[in-house]
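> Here it is: the structure, laid out below.
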C-alpha cells in the first residue's frame with residue numbers, strides 16, 4: 006500500500022487468512038474481496054479494496070482467525086505521529 | 003468496542019508454540035469454523051476484563067481439544083465430557099481464578115451429559131461455553147445429541163429419525179429446569195448482529211464468574227462447514243434457516259443482579275476427628291522407637307514393581323504402615339493396569355521426616371524389582387548410590403548399573419519354600435528392612451497382628467519377613 010493511509014482502514018494478513026469469505030459477505034460497505042492470488046497455504050485470501058472502510062469492525066468479529074484481520078478505526082493515530 | 007484499533011486480542015498467545023509443525027501463527031480450525039470466532043470473543047473479553055492471567059481454560063475432547071494452543075491462560079485438557087468436573091475442582095482449589103469450561107455438543111451433551119447437569123445443579127462458580135453445531139466435528143460428522151431431525155450425518159445417512167435416534171437435545175432449556183444456575187443464554191454466530199450478542203453474553207458470563215456469582219453457560223450455535231458440507235457463508239445461512247427454529251435464541255435466565263457472591267466454606271480438617279470417624283482410635287496401639295542403627299537412607303523413597311498379584315502394592319502398604327508407626331510422614335502411590343492379576347503394577351513409597359511433596363518416587367533410593375520387565379524399566383531411575391533388590395527367582399539377568407548396590411534375593415523362592423507365594427510382599431518387606439536398617443525385624447513382627455488377622459496367617463507372614471531379612475543379612479556378612 007503506497008502513500009499515506011486513510012483511516013478507518015482494514016488490513017488482512019494474507020498468510021493467516023483461510024479465504025472462508027465470511028468477512029467479504031459480512032462487510033456492509035462491500036470493500037473486501039477474495040483475491041485471485043493464492044497464499045502459501047493454498048487459500049485465496051480476502052483483501053481490502055483500498056478505500057471505503059467504515060471502521061465498523063464487522064469483518065474483525067466475523068473472522069474466525071485470531072489475527073487475520075486488523076481494523077484501524079477512525080481515531081487511530083499511528084505511532085510516531 | 004475498545005481502543006482505536008481492533009487487532010488480535012491479548013487473551014491469545016502471540017505465537018502458538020505448543021502447536022506442532024511449522025504453522026504456529028494460524029489456528030488448526032477449518033476455514034469458516036465458528037470456534038475461531040468464539041475464541042476471539044473470549045480472548046477479547048479476557049483482555050478487556052483483565053483476567054487473562056488468572057483464567058484457567060479447560061478444553062474438552064472435540065475440535066477445540068487444542069484450545070490450549072491459543073489461549074494465553076492456564077490450560078487443562080481433560081478426558082471426554084469431564085471438563086465440568088475438572089472445572090469444579092480447579093475452581094474450588096483456586097477460588098481466585100476464573101474457570102472456563104469450553105465444550106462441544108458431543109462432549110457436553112452426550113458423554114458428558116451427567117457432568118454438566120451435576121456441575122450446573124451445584125451452581126459451581128464456572129463459566130461454560132457450549133458450542134452447538136449439531137454434529138460431531140473432530141471425528142468426522144457423526145450424529146450428536148443436538149443433530150436436527152432429518153439431518154444427514156455419517157451415522158444417520160437417511161437423516162435423523164426420532165423413531166430410532168431421538169430428538170435434538172435442548173441443553174439450555176434442560177439446564178434452565180435446575181434451580182442453581184445464574185446465567186443461561188443461547189446465542190448464535192450466523193451474522194454480525196448475533197455475533198455481537200454472543201460477545202455481550204460472553205462478557206456477562208465472565209463478569210458473573212469474576213463476581214463469584216455461580217454457574218453461567220452460553221450455548222453458541224456455530225458453523226461446521228466441513229461436516230455440513232457447505233461453504234462458510236452457506237453455513238451461517240443454514241443456522242438461520244434450520245437451527246434457529248429448533249434452538250431459539252435469547253437469555254433464558256439472568257439472576258446475576260439478585261444472586262449474592264457464593265463463598266464456599268473452607269474445609270476444616272481436624273486429625274483427631276478424622277481418626278475418631280474412621281474408628282482408628284490412637285492408631286494400632288504400637289508406638290515404636292526407631293532402631294539404634296543409622297539407616298542407610300534417612301528419608302528413603304522406594305519403588306516396588308512387578309506383576310500384578312505378586313504383592314507389589316501390599317508390600318508398599320506394609321512399608322508405609324511401618325513408617326507411620328515410627329512416626330515418619332509417609333505416602334503410598336499405586337500404579338497399575340485394569341487387571342487384578344497379571345499385567346504390571348508398581349508403587350511409590352516415601353518415608354520422610356519432613357513434608358512429602360511429590361508422591362511419585364522418580365529417583366528411588368531403593369528399588370524392589372519382582373520381575374524382569376520391572377527391573378529393566380526402573381533400574382535406570384534408581385538414584386546413584388541407591389539399592390536394587392531384585393527377585394533372583396524370576397529374573398535371569400543381572401543388573402548392569404555399577405553405581406548402585408545390588409542385592410539378589412530369591413523372593414518368590416523364599417515364599418514358595420514357606421508354602422505360599424502370596425507372602426512375597428512380606429519377604430520383600432523383610433529384605434528392605436535388612437538392606438536399609440530403617441525397620442527392626444522385631445518391630446515388624448510385633449506389628450503383624452495389626453496388619454493381618456488369623457494366627458496362622460500372622461505366623462506365616464512372620465516367617466516370610468524373617469526369611470527376607472535373614473537372607474539379606476546373610477549376603478552382607
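Residue numbers (our numbering), protein chains in the order written: chain A, 6 to 86; chain B, 3 to 479. The beta carbon of each residue, even a glycine, is placed where N, CA and C say it ideally should be.
Nearest to residue 54 of chain A by alpha carbon, out of A:65, A:40, A:48?
A:40
> Any beta carbon of chain B sitting closer than 8 Å to that of residue 58 of chain A?
So, not an interface residue.
> Measure the alpha-carbon distance for residue 321 of chain B versus residue 58 of chain B and round it to whole angstroms.
Distance between the alpha carbons of residue 321 of chain B and residue 58 of chain B is about 38 Å.
> CA-CA distance, residue 219 of chain B and residue 188 of chain B?
Using only the alpha carbons, I get a separation of about 8 Å.
> I want to know whether the region 9-22 of chain A touches the region 196-216 of chain B - three or more CB-CB distances under 8 Å.
Judged by Cβ distances under 8 Å, the region 9-22 of chain A makes no contact with the region 196-216 of chain B, as fewer than three pairs qualify.
> By the criterion of Cβ-Cβ separation under 7 Å, what are the contact partners of residue 35 of chain B in chain A?
69
> Along chain B, in chain order, which residues have C-beta atoms closer than 8 Å to that of residue 21 of chain A?
27, 28
> Could you round the C-beta distance between residue 66 of chain A and residue 201 of chain B to whole angstroms and report it? I think they count as a contact, below 8 Å.
7 Å
> In this structure, what does DSSP give as the bridge partners for residue 218 of chain B?
B:129, B:185, per the DSSP bridge assignment.
> Compute the distance between the beta-carbons of residue 86 of chain B and residue 118 of chain B, then report whether it is under 8 Å.
yes
> Roughly how far, in whole angstroms, is the beta-carbon of residue 75 of chain B from the beta-carbon of residue 12 of chain B, given that I think they are within contact range, below 8 Å?
The Cβ separation is near 11 Å, so there is no contact.
> Across the region 289-299 of chain B and the region 410-424 of chain B, are there enough close Cβ pairs to call them in contact, namely three or more that are closer than 8 Å?
no
> Identify, in the order they occur along the chain, each residue of the same chain with its Cβ nearer than 7 Å to the Cβ of residue 20 of chain B, setting aside the five sequence neighbours on each side.
70, 71
> Could you tell me which chain B residues have their CB closer than 7 Å to the CB of residue 30 of chain A, listed as they occur along the chain?
235
> Which one of B:183, B:423, B:125 has the shortest CA to CA distance from residue 314 of chain B?
B:423
> Could you check whether the region 176-193 of chain B touches the region 87-102 of chain B, counting it as contact only if at least three pairs of C-beta atoms, one from each stretch, sit closer than 8 Å?
Three or more beta-carbon pairs separated by less than 8 Å are not found between the region 176-193 of chain B and the region 87-102 of chain B, which leaves the two stretches without contact.
> Given that a residue counts as buried once 16 or more other Cβ atoms are within 10 Å of its Cβ, and exposed if not, what is residue 386 of chain B?
exposed
> Can you tell me which of the three DSSP states residue 44 of chain A falls into?
coil
> Taking three-plus beta-carbon pairs below 8 Å as touching, is the region 369-378 of chain B in contact with the region 330-340 of chain B?
no
> Does any residue of chain B have a CB that is nearer than 8 Å to the CB of residue 6 of chain A?
Its pLDDT being 48, under 50, residue 6 of chain A is placed unreliably by the model, and the measurement read from it follows with that caveat. Not an interface residue.
> For residue 280 of chain B, which of helix, strand or coil comes out of DSSP?
In this structure, residue 280 of chain B counts as coil in the three-state DSSP scheme.
> With burial defined as no fewer than 16 other Cβ atoms inside 10 Å of the residue's Cβ, what is the status of residue 7 of chain A: buried or exposed?
Since pLDDT at residue 7 of chain A reaches only 49, below the 50 mark, its modelled position is unreliable, and no value is offered.
> If we call anything under 8 Å between Cβ atoms a contact, is residue 34 of chain B one with residue 27 of chain A?
Against a cut-off of 8 Å, the Cβ pair of residue 27 of chain A and residue 34 of chain B comes out as a contact.
> Do residue 38 of chain A and residue 52 of chain A have their C-beta atoms within less than 8 Å of each other?
yes
> With DSSP collapsed to three states, give me the class of residue 247 of chain B.
helix
> DSSP on residue 380 of chain B, reduced to helix/strand/coil?
helix
> Can you check whether the CB of residue 393 of chain B is closer than 8 Å to the CB of residue 414 of chain B?
yes
> Spell out whether any CB of chain B is found under 8 Å from the CB atom of residue 78 of chain A.
yes
> Check the Cβ of residue 81 of chain A against every Cβ in chain B and list those closer than 8 Å, keeping chain order.
6, 7
> Taking 8 Å as the threshold (beta carbon to beta carbon), is residue 199 of chain B in contact with chain A?
no
> Since residue 55 of chain A meets chain B, which of its residues come closer than 9 Å, beta carbon to beta carbon?
Taking the beta carbon of residue 55 of chain A as reference, no residue of chain B falls within 9 Å; the closest one sits roughly 18 Å away.
> Roughly how many angstroms lie between the CA atoms of residue 82 of chain A and residue 134 of chain B, to the nearest whole one?
Computed Cα separation, rounded: 40 Å.
> Please list the segments of the alpha helix (DSSP H) lying wholly inside the region 15-59 of chain B, counting only runs of 4 or more residues, in order along the chain.
36-50
> Could you have a look at residue 3 of chain B and say whether DSSP puts it in helix, strand or coil?
In this prediction, residue 3 of chain B has a pLDDT of 45, which is less than 50 and means its spatial position is unreliable; what the coordinates show is noted afterwards. Note: residue 3 of chain B maps to coil in three-state DSSP.
> Would you check whether the ligand ATP has a heavy atom nearer than 7 Å to the C-beta of residue 336 of chain B?
In the structure on display, the ligand ATP does not appear, and there are no ligands present to speak of.
> Taking the alpha carbon of residue 396 of chain B as the point to measure from, which residue in B:352, B:384, B:63, B:370 has its own alpha carbon closest?
B:370
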